[in-house]
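Its first residue numbered 670, the sequence shown is counted upward by one per residue in the working numbering.
Since the structure comes first, as structure tokens, the remarks are kept for the end.
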Amino acid sequence: MTPTGEVPEFPGAVGLSELNVYPWETADDLHGGSPHLHTTCSECYVVVSGRGELHTLTTSGYAEHPLGAGDVVWFTPGTIHRAVDVEDLKVVVVMQNSGLPEAGDAVMTFPPEHLRDAETYRRAASILGPDGSPSPERARARRDLAVQGFTEILRRTRDGDTSALTEFHTAAAAIVRPRTGEFRTRWERGAAAVARRTGEQIDALERGDASHLATGTATRLARPEPTTLGMCGFLAPYDTARSAAGRA
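Laid out in structure tokens, this is it:
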């Protein structure tokens, strides 16, 4: 096993988290997290236990995907998704471009007045309470605001108004635009660097050079505590990219 502090990044430079979907009731008599989309990253759910649903909305339409132990579902950038808890739903989340989603890649489906610009969105998305620490009450209020906006987008879409999704996509792109420089840096240090390294290894094999095989390691990460109030539920992120920046 590799010593602490020398952990290589997880394969493919992806992120890995354990997620306990919020059991909190919503205005539409469901339970779960905040509807949102990712602007550059695909996401995957591997269901560990419990039961639930993943509700998605794209330009192809609305769908409800049942989730049970062993199910795997993934969704690409632009897919509005909403995790719904039916019975103690727990999943492992695999995120493309580790570190980039945490840098603000996601945009929640708030009503339009909260999507005017990045600062307006930031205020609505904050879960900090009066004392400056993360607040479950604020996380729940943020979730409710996202459900409110999602419900309206879905209603308009079902009524045949194709501009509803376009308007949200446009607002989401404008909100993340100030952070695209940071996105690029994280991508270059993570997924792009890993892809280049694979190319270098293939080149070495073509030359008959096996020297990189001598650096093989095995790594174990202990199960983290669920300490983060995420968009979909209580998150326990695994530290899969501790050495990525140092190796870029």
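Where a beta carbon is used, it is the ideal one built from N, C-alpha and C, also for glycine.
The bridge partners DSSP lists for L904 are L688 and T897. For W693, the secondary structure class from DSSP, reduced to helix, strand or coil, is coil. Membership of L726 in any alpha helix (DSSP H) is not indicated; the residue belongs instead to the beta strand (DSSP E) covering E712 to T727. Judged by their CB atoms, E712 and F679 are not nearer to each other than the 7 angstroms cut-off. If you draw a straight line from the Cα of L834 to the Cα of P780, it is about 12 angstroms long. One Cα belongs to T709, the other to I822, and the distance between them is close to 21 angstroms.
As the crow flies, the alpha-carbon of R812 is around 10 angstroms from that of G818. Taking 7 angstroms as the cut-off, the beta carbon of Y907 is found no closer than this to the beta carbon of L882. With a 10 Å radius around the Cβ and a threshold of 16 neighbouring Cβ atoms, A860 comes out buried. Per DSSP, the continuous alpha helix (DSSP H) segment holding L814 begins and ends at P805 to R827.
Taking the Cα of L723 as reference, the smallest distance to any Cα among H750, V761 and P893 is reached at H750. Secondary structure at A887: coil, using DSSP grouped into helix, strand and coil. Residue state for G681 is assigned as helix, using DSSP reduced to three classes. The C-alpha of F903 lies about 23 angstroms from the C-alpha of T820. Between C901 and L685, the C-beta gap is not smaller than 7 angstroms, which leaves the two residues out of contact. By the 16-neighbour rule on beta-carbons within 10 angstroms, R827 is exposed. In this chain, the beta strand (DSSP E) harbouring G730 covers G730 to G737. Closest by C-alpha distance to V715, out of P704, L726, A752 and Y790, is A752.
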